[in-house]
Amino acid sequence: MTRRFTWLETLRLAVLAAAFVFVLFPIVWVALASFKTPEQMSEPFLFAFAPSLANWQAVFASGVFAAAGRSALVGVITVAISLVVGSMGAYVIAKYRAGGSLTRFGMLAAQVVPPAVMVFPFLTMAQALRMTDTLAPVIFAHLSFVLPLVTWFLIGFFEAVPASLEEQARVDGFTRWQAFRLVVLPQVYPGIGAAGIFGFTLSWNDLFYGLILAPGNAAILPVAIANFNTFRGVQIGTMSAAIMIAIIPVVIASFFIQRRLVQGISGGAVKY
Amino acid sequence: MAYRTHGVFAMKFKYGMLTPLLALFVVAVGFPLCYAAYLSVTDYKLTDRTPPDFVGTANFASALTNPAFWEAFATTATYVVIAVSAELVLGFALALALHQQRWAKDLSRAIVLAPMFITPIAVGLIFRFLLNDQIGAVPALLHAVGADYDFFGAGKALLTLAFIDVWQWTPFMVLLILAGLESMPKQPMEAARVDGAGPVYRLRRVLIPMLAPVLTVAVLLRGLDALRVFEYIYATTRGGPGTETQTLQYFMYLEGIQFFRLAQASAMAFIVLALVLVVIVAAFRAMERNRVAERSAAR
Chain A
1 MTRRFTWLET LRLAVLAAAF VFVLFPIVWV ALASFKTPEQ MSEPFLFAFA
51 PSLANWQAVF ASGVFAAAGR SALVGVITVA ISLVVGSMGA YVIAKYRAGG
101 SLTRFGMLAA QVVPPAVMVF PFLTMAQALR MTDTLAPVIF AHLSFVLPLV
151 TWFLIGFFEA VPASLEEQAR VDGFTRWQAF RLVVLPQVYP GIGAAGIFGF
201 TLSWNDLFYG LILAPGNAAI LPVAIANFNT FRGVQIGTMS AAIMIAIIPV
251 VIASFFIQRR LVQGISGGAV KY
Chain B
1 MAYRTHGVFA MKFKYGMLTP LLALFVVAVG FPLCYAAYLS VTDYKLTDRT
51 PPDFVGTANF ASALTNPAFW EAFATTATYV VIAVSAELVL GFALALALHQ
101 QRWAKDLSRA IVLAPMFITP IAVGLIFRFL LNDQIGAVPA LLHAVGADYD
151 FFGAGKALLT LAFIDVWQWT PFMVLLILAG LESMPKQPME AARVDGAGPV
201 YRLRRVLIPM LAPVLTVAVL LRGLDALRVF EYIYATTRGG PGTETQTLQY
251 FMYLEGIQFF RLAQASAMAF IVLALVLVVI VAAFRAMERN RVAERSAAR
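Chains A and B supply the protein sequences, listed in that same order.
Residue numbers for the first sequence follow the numbering used here, beginning at 1 and rising by one.
Residue numbers for the second sequence follow the numbering used here, beginning at 1 and rising by one.
Take a look at the structure:
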C-alpha cells in the first residue's frame, strides 16, 4: 500500500510523537531517580551514572509489595461483587426500562458526594463491627463508587443486545434465568471485561478511603506510597522506587487490556 | 406455552434479579448518604462524646454564607473547566491520530492510555518532584534557557494542578472517543470525502455531530470525576499558596476530618450535590432533545 505523506499525515504523526514524549518523560525521569543516590538527586539531567540499588532495597524491605497485593485483592473482590450483582440488575433495568433513563444518571449522581463525607458512616460502621484497619471496610467503601459505574456501563451493553435473541431462547424452552445466563450474558462478555477493568482501575487508584479506613497494618498501595511523602526531601529516591512499583504492573497491563477496553466500550457504553 | 413478559413469574424474576443490586446500593450508597444527611442537620463534631443536637438548617445557612466555601467552589469550577476542556480537545486530536495508526497500533495505544492506570497519588508525587524548583527537571530546563517559572507559586499552582489532571486523564477522553470512532459507521465520512469535502468540513459537519453523544458522556463522566480531585492537592500544594488551590473536596476534607466539623462538611456536600444535579439534569434534558430532534430529522 502506498500512503501519500500529506500535511495532515505529518501533523498526525507529530501529535502522536508529542504525546509519547509527554507521557513517557515523567515516567522515565522517576525511573532514573529511583536509581540515584541523594547527592545525585540534585542534578536533574544526570543520565549516565552508576545505578544505586539502595532505594530499591529499602522499598523491598518496606512492605510496599504486600500493600500492592492488598490493593489487588481489594480491587478483585470489589469488581467481582460489582459484576455479578451489577450485571443481573443492569439486565433487568435495560430490559424492562425500570425507572426510565434517569436511573442511569441518578446512579452517577451519588458519585458527586465527596468521600470526605461518605467515609465517616463507613468508619462508624467499621467500628461498630470491630473491623477497623482491615480490608473489609475498604472493599465496602470501594463498592460505593465501583458498583454504580460498573452498573451504568453494563446497562448500555445490555441495551445493545437485540431483544429477539432472548425471545428466541424463551421459545426454545429456556427459563428466564437460562436465557439470561446462557444467551444474553455471553453477548456482553466483552463489555463485562471492559467494565471490570474499569472498576478495578477505580478501586486501585483510590487513596482517600484507604487513608482513613485502613491507615495501618492493612494499608493499600496508594496509602503506602503517600506515606513516603511525610519524610519530605529525604526519601525521594525510595519514593521513586515505590512509585515505579505502582507504575510497572499497570503500564505492562495497559498494553494487554487497551484493545479489550476499546472494543468493549464501543459495544454499547458510549451509546448513552 | 406462550412467551410472556408480564405476570407473576416475570415479576418474580425481575425483582429477584434486581434485589441484590438494590440491597447493595442501599447499604453501600444509601446508608452513608442518609447518615450524612442526618449529620448535616445536627451540630455533630468528630470530637463529641454526647449525642448530637438537632439544629435544622443552620449548617446549610452558615455554609451558604461562608466565603471560603464559595472560594473553594470557584476554585473547583475553574479547575474542572480548564482541565476538562483541555482534555476534550487533546483527547479528540489524539483519538483521531490513534484511530488511523496502522503500525505499532497496540503499543502506541498502550503508551497514550497508560497514565490513566497509574494511581493518582503517584502521579501527584511524580509531578511534585518533576516540577520542583530545586531538583525538578522541568524548572532546570527552563533555567537553562533563562526562564523562571514557579509551578506551585501564587496564581500558577491551580493551573499546574489542572495540567497534572490533563496528563493523567486525557487518556480517558481518548479511550471513549476512540471507542466511539471504532463503532461509528464508515459511510458518512467516505461519502463526504467522495463529495469533495475538505478535512475541516468533514470534522465539523460529519464527525463531531456523529460523535456528539460520546463526547457528552465523556465530558460528563470526566467532569464528575474532576470535581472530586483530592490526590494531586494532597500530594503537592495541600491547598496553598494561601487557600488558592483549596478545591471543594480538599476543603470538605479539612472541615470534616481535620477540623472535626463533620456536620458542616456534610451540609456543604449536599449543597454541592444539589448544584451538580441541576447541571446533570440540564445536560440530560439537552441530550434527550437532541435525540428527539435527530429522530424527527431522520424521518
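Glycine included, every Cβ here is placed at the ideal spot set by N, Cα and C.
How should A/Glu39 be labelled, buried or exposed, when 16 other C-beta atoms within 10 angstroms of its C-beta is the threshold for buried? Taking the first sequence and counting its residues from 1, one reaches residue 39 of chain A at position 39. So A/Glu39 ends up on the exposed side.
Using 10 angstroms around the beta-carbon of A/Arg259, count the other beta-carbons present and answer buried if the total reaches 16, otherwise exposed. Your numbering for residue 259 of chain A matches position 259 in the first sequence. Looking at its Cβ environment, which holds fewer than 16 other Cβ atoms inside 10 Å, A/Arg259 is exposed.
Run through the stretch 83–170 of chain B for me and flag every whole alpha helix (DSSP H) of 4 or more residues, listed as ranges in chain order. Complete alpha helix (DSSP H) runs here, min 4: 105–113, 120–130 and 137–144.
Option nearest A/Ala17 by Cα separation, candidates B/Leu94, B/Thr50 and B/Ala36: Residue 17 of chain A sits at position 17 when you count from the first residue of the first sequence. Ranked by how close their Cα comes to the Cα of A/Ala17, the residues B/Leu94, B/Thr50 and B/Ala36 have B/Leu94 in first place.
Hey, does B/Gly7 have any beta-carbon neighbour from chain A nearer than 8 Å? Position 7 of the second sequence holds residue 7 of chain B. Taking a beta-carbon distance threshold of 8 Å, B/Gly7 does not count as an interface residue toward chain A.
Is B/Ala263 closer than 8 Å to B/Ser62 when the C-beta atoms are compared? In the second sequence, residue 62 of chain B corresponds to position 62, counting from 1. In the second sequence, residue 263 of chain B corresponds to position 263, counting from 1. The answer is no: Cβ separation not under 8 Å.
If you follow the alpha helix (DSSP H) that B/Met184 is in, where does it begin and where does it stop? Counting from one through the second sequence, the residue named residue 184 of chain B turns up at place 184. Counting along the chain, B/Met184 falls outside any alpha helix (DSSP H), and DSSP gives it neither H nor E.
Check whether the stretch 23–32 of chain B and the stretch 140–147 of chain A are in contact - that is, three or more C-beta pairs closer than 8 Å. Judged by Cβ distances under 8 Å, the stretch 23–32 of chain B makes contact with the stretch 140–147 of chain A, as three or more pairs qualify.
Starting from A/Val59, trace the alpha helix (DSSP H) both ways and give me its first and last residue. Residue 59 of chain A sits at position 59 when you count from the first residue of the first sequence. Residues Ala54 to Ala61.
By a C-beta neighbour count over all protein chains shown, 10 Å radius and 16 as the cutoff for buried, is B/Arg285 buried or exposed? As a position in the second sequence, residue 285 of chain B is number 285, starting the count at 1. By the neighbour-count criterion, in which a residue is buried when 16 or more other Cβ atoms sit within 10 angstroms of its Cβ, B/Arg285 is exposed.
Pick from A/Gly264, A/Met125 and A/Phe49: whose alpha carbon is nearest that of B/Tyr35? Counted from its first residue, the second sequence places residue 35 of chain B at position 35. The shortest C-alpha separation from B/Tyr35 is found at A/Met125.
Quickly, what does DSSP pair B/Thr42 with across the bridge? List them, please. Numbered from its first residue, the second sequence carries residue 42 of chain B at position 42. BP columns for B/Thr42 point to B/Phe54.
What distance in whole Å lies between the Cβ atoms of B/Met173 and B/Leu96, which are believed to be in contact at a cut-off of 8 Å? Locating residue 96 of chain B in the second sequence gives position 96, counting from the first residue. Locating residue 173 of chain B in the second sequence gives position 173, counting from the first residue. The C-beta separation of B/Leu96 from B/Met173 comes to about 12 Å, leaving the pair out of contact by the 8 Å criterion.
Alpha-carbon spacing of A/Ile93 relative to A/Ile155, whole angstroms: To locate residue 93 of chain A, count along the first sequence from 1; it is residue 93. To locate residue 155 of chain A, count along the first sequence from 1; it is residue 155. Take the alpha-carbon of A/Ile93 and the one of A/Ile155: they are about 7 Å apart.
Does the Cβ-Cβ distance between A/Thr201 and B/Phe117 come in under 8 Å? In the first sequence, residue 201 of chain A corresponds to position 201, counting from 1. In the second sequence, residue 117 of chain B corresponds to position 117, counting from 1. Yes, the Cβ-Cβ distance between A/Thr201 and B/Phe117 is below 8 Å.
By DSSP, does A/Met239 sit in helix, in strand, or in coil? Mapped onto the first sequence, residue 239 of chain A falls at position 239. Three-state result, A/Met239: helix.
If you count every other CB in all the chains shown that lies within 10 Å of the CB of B/Gln246, and 16 or more means buried, which is it? Residue numbering aside, residue 246 of chain B sits at position 246 when the second sequence is read from its first letter. The residue is buried, with at least 16 neighbouring Cβ atoms inside 10 Å.
Using the Cα positions of A/Ile248 and B/Trp167, report the straight-line distance between them to the nearest angstrom. As a first step, residue 248 of chain A must be located in the first sequence, where it is residue number 248. As a first step, residue 167 of chain B must be located in the second sequence, where it is residue number 167. Spanning the alpha carbons of A/Ile248 and B/Trp167 requires a straight line of approximately 17 Å.
Closer than 8 Å, CB to CB, is A/Gln57 near chain B or not? In the first sequence, counting from the first residue as 1, residue 57 of chain A sits at position 57. Using a Cβ-Cβ cut-off of 8 Å, A/Gln57 does not count as an interface residue toward chain B, since no Cβ of chain B sits closer than that to its own.
Can you name the start and end residues of the alpha helix (DSSP H) that A/Leu207 belongs to? What you label residue 207 of chain A is simply residue 207 of the first sequence in a count that begins at 1. Counting along the chain, A/Leu207 falls outside any alpha helix (DSSP H), and DSSP gives it neither H nor E.
B/Glu255 to B/Arg261, Cα distance in whole Å? Within the second sequence, residue 255 of chain B is the residue found at index 255, counting from 1. Within the second sequence, residue 261 of chain B is the residue found at index 261, counting from 1. C-alpha separation (whole angstroms): 5 Å.
Can you give the Cα-Cα distance for A/Ile257 and A/Ile197, rounded to whole angstroms? Residue numbering aside, residue 257 of chain A sits at position 257 when the first sequence is read from its first letter. Residue numbering aside, residue 197 of chain A sits at position 197 when the first sequence is read from its first letter. Near 8 Å, if we compare the C-alpha coordinates of A/Ile197 and A/Ile257.
Quick one: list the residues of chain A neighbouring B/Thr50, beta-carbon separation under 8 Å, in chain order. Residue 50 of chain B sits at position 50 when you count from the first residue of the second sequence. Contact note: B/Thr50 does not reach chain A at a C-beta cutoff of 8 Å; the least C-beta distance is about 16 Å.
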